[in-house]
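Down below is the structure, laid out as structure tokens.
Number of protein chains: 2
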Amino acid sequence: MTVRSRLSWKDVRDTVHDAILSGQYVPGDRLPRDADIASSLNCARSTVQRAMQDLSDSGLVERRRKGGTHVRLDPVTRATLDIPITRREVEQKGGRYGYQLIRQQQQTPPHKVLAALEMTTPQDLLRVEALHLSDCQPYMLEDRWICLDTAPEILDIDLSVQSANEWLVLNKPYSRCDLRFYAISADEKTADFLGTNAGAALFVIERTTWIETAPITTVRAITRPGYQLLTSS
Amino acid sequence: MTVRSRLSWKDVRDTVHDAILSGQYVPGDRLPRDADIASSLNCARSTVQRAMQDLSDSGLVERRRKGGTHVRLDPVTRATLDIPITRREVEQKGGRYGYQLIRQQQQTPPHKVLAALEMTTPQDLLRVEALHLSDCQPYMLEDRWICLDTAPEILDIDLSVQSANEWLVLNKPYSRCDLRFYAISADEKTADFLGTNAGAALFVIERTTWIETAPITTVRAITRPGYQLLTSS
DNA sequence: TGACAAATTATGTCTATACATAATATCATT
DNA sequence: AATGATATTATGTATAGACATAATTTGTCA
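Read top to bottom, the protein sequences are chains F and R.
Mapping to my numbering: the first sequence position 80 is 80, numbers consecutive.
Mapping to my numbering: the second sequence position 127 is 127, numbers consecutive.
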């Protein structure tokens, strides 16, 4: 059997993880001190520290100074979601990407939009409605509001060629992103755009981004019927 | 101004992150070598390494040995979701948690369920249907299949007292968890349980867990009308 | 017994160093 | 110009040591 000369922190993490999975430690149990794990596995404490930090990040254990490390009593399912730009998403699924600009105009946002952006003083935003296509079939209908204070350059972009989604993601990196998922019943207009019937259940992704505290954009993306969002790994 | 004597890796991460946000580096650009960043910020290379690893994990940059570190050309929105056990979710929202077992029986799973669990040989599973309540109002309807090979102890549990959700999460930690989100139209029976009308758009969370390759459970949780799932931070 | 101060302890973090590894660049050879 | 061996380089990772920090325990005094 192959014994690596040095133990990586991922090895340590997996060892501890397995010990928990196997029932050797159950929720609430206290794990040995990092230093003890280190000496029993014959590695440095910093290696164990890195491993335990990862387990803590993933929600499996809780660590407190002086208190030690405990298996979480109240485990959470912590999952990572990857939401690529829509063009990539379509292409990754093997579709041919298409894009249609529906409408673009500066207007006063409703209260809901201001609230989502956490803006206090009302001001005109650029509203962009667009349809993403996969193999010429409707894929996602987006209703977007862009903050012109934060992203004034958007006015110089021809949004019938490049989607706002794409331009923003390449040119306005964000420091904070809020996501929200829910289901809606399609209204007449939405159903029409997405090629379905009014009343159909549709999956919605809402995303709002900021640079520090400055709002960039908020978008409500209504997906075509049957759309599913999966976790990455 | 307060200058901390030593720079933490999170400080380094934020500094680099800010440099990217400010447009100093745009997608595709190559960042300086870790060692150079280290000397320019006056910290150790390992500190920079830890920072860059985090930026790489969060999808903002890409690192390749010898190739160096580049700002990702194709940024993804990477978000972390926390899905607590349902009792906690209800309580965190300020509701009083309640639970009703609807039905519990061993039966042959349909093909869809077998596929979700990645099982090849058909065998009887324990099917548990239950309703979670918040302040005596329906909150979530779950339809669960449990693999008796992996979790035989579940048969000794009185599932009218403790929910399968809770027992499994405390007693069967998983090594892999797949999540899936989508929208459905309520059928008559579902609408009835959730106190809404047939045809209502409902948000669905599907979760399947394994210990290594051994399937534990798959559950389809249909949420009450208006339910929204938010990202954690 | 209670309140507060001090010692203890386990995790948190940075540093300097050494070596590993993968990808690229260089250079000699044909 | 194509090939293949070799050197170079940037990241990946572990280690020992030092010190920081927070939480608990212990000790002291009223």
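Glycine residues also receive a C-beta, built at the ideal position from the N, C-alpha and C atoms.
Since we're looking at a predicted model, the values are computed, not measured.
query: Between R6/F and chain R, is the shortest Cβ-Cβ distance under 8 Å, so that the two count as touching?; result: no
query: Using CA atoms only, rank isn't needed, just tell me which of S185/R, N171/R, I83/R and T77/R is closest to S175/F.; result: T77/R
query: Tell me the start and end of each unbroken alpha helix (DSSP H) in the region 24 to 78 of chain R that is at least 4 residues and wholly inside, in chain order.; result: 34 to 41 and 45 to 57
query: Is DSSP giving I83/F helix, strand or coil here?; result: strand
query: Report yes if the C-beta distance between L159/R and V204/R is below 8 Å; otherwise report no.; result: no
query: For E212/R, which residues from the same chain have a beta carbon less than 6 Å from its beta carbon, with the 5 sequence-adjacent residues on both sides left out?; result: S175
query: Any beta carbon from chain F within less than 8 Å of T120/R's own beta carbon?; result: no
query: Just to confirm my understanding: we take T231/R, look at its own chain, exclude 5 residues before and 5 after, and list those with CB closer than 8 Å. What are they?; result: A79, T80 and L81
query: What does R88/F touch in chain R if you count any residue whose Cβ is under 7 Å from its own?; result: D74
query: Using only the alpha-carbon positions, how far apart do E118/R and K172/R sit?; result: 18 Å
query: Would you report the Cα separation of T121/R and T218/R, rounded to the nearest angstrom?; result: 16 Å
query: Helix, strand or coil: how does DSSP classify R224/R here?; result: coil
query: Measure the alpha-carbon distance for V90/F versus M140/F and round it to whole angstroms.; result: 10 Å
query: In chain order, what are the residue ranges of uninterrupted beta strand (DSSP E) at least 3 long that sit wholly in the region 77 to 154 of chain F?; result: 77 to 83, 97 to 107, 125 to 134 and 137 to 146
query: Rounded to whole angstroms, what is the Cα-Cα separation between I216/R and D124/R?; result: 13 Å
query: Taking the alpha carbon of T150/F as the reference point, which residue from S163/F, L168/F, V71/F and T47/F has its own alpha carbon closest?; result: L168/F
query: What do you reckon, are the CB atoms on L73/R and G23/R nearer than 8 Å?; result: no
query: Taking I83/F as the query, report the chain R residues whose CB atoms sit under 9 Å from its CB, ordered along the chain.; result: V76, T77, R78 and A79
query: Can you tell me where the beta strand (DSSP E) holding A186/R begins and where it ends?; result: Note, A186/R: premise wrong, no beta strand (DSSP E); not H, not E.
query: Within 10 angstroms of its Cβ, does T47/F collect 16 or more other Cβ (buried), or is it exposed?; result: buried
query: Going along chain R, which residues have a C-beta under 8 Å from D178/F?; result: L230 and T231
query: In or out: P235/R buried (at least 16 other Cβ within 10 Å) or exposed?; result: As shown, chain R starts at 1 and ends at 233. That puts residue 235/R outside it, with no answer to give.
query: If you measure between the beta carbons of A183/F and A183/R, is that distance less than 8 Å?; result: yes
query: Determine, for L202/R, whether the minimum Cβ-Cβ distance to residues of chain F falls below 8 Å.; result: yes
query: With E206/F as the anchor, note down where its beta strand (DSSP E) starts and where it stops.; result: A201 to I211
query: Exposed or buried, T209/F, counting other C-beta atoms within 10 Å across all chains shown (16 or more means buried)?; result: buried
query: Rounded C-beta distance between T196/F and I222/F? I'm assuming under 8 Å.; result: Incorrect: roughly 10 Å between the Cβ atoms, too far for contact.
query: Helix, strand or coil for I157/R, going by three-state DSSP, please let me know.; result: coil
query: If you reduce the DSSP assignment to three classes, tell me which class R13/R lands in.; result: helix
query: So which residues of chain F does R207/R contact, with C-beta pairs closer than 8 Å?; result: T77
query: Determine the DSSP secondary structure at I216/F, reduced to helix, strand or coil.; result: strand
query: Between the Cα of R13/F and the Cα atoms of V26/F, A35/F and S56/F, which residue gives the shortest distance?; result: S56/F
query: Pick from A130/F, A116/F and F181/F: whose alpha carbon is nearest that of N165/F?; result: A130/F
query: Within this structure, are the beta carbons of A186/F and L179/F separated by less than 8 Å?; result: no
query: Which of the three DSSP states is assigned to L168/R in this structure?; result: helix
query: Would you report the Cα separation of I154/R and R144/R, rounded to the nearest angstrom?; result: 13 Å
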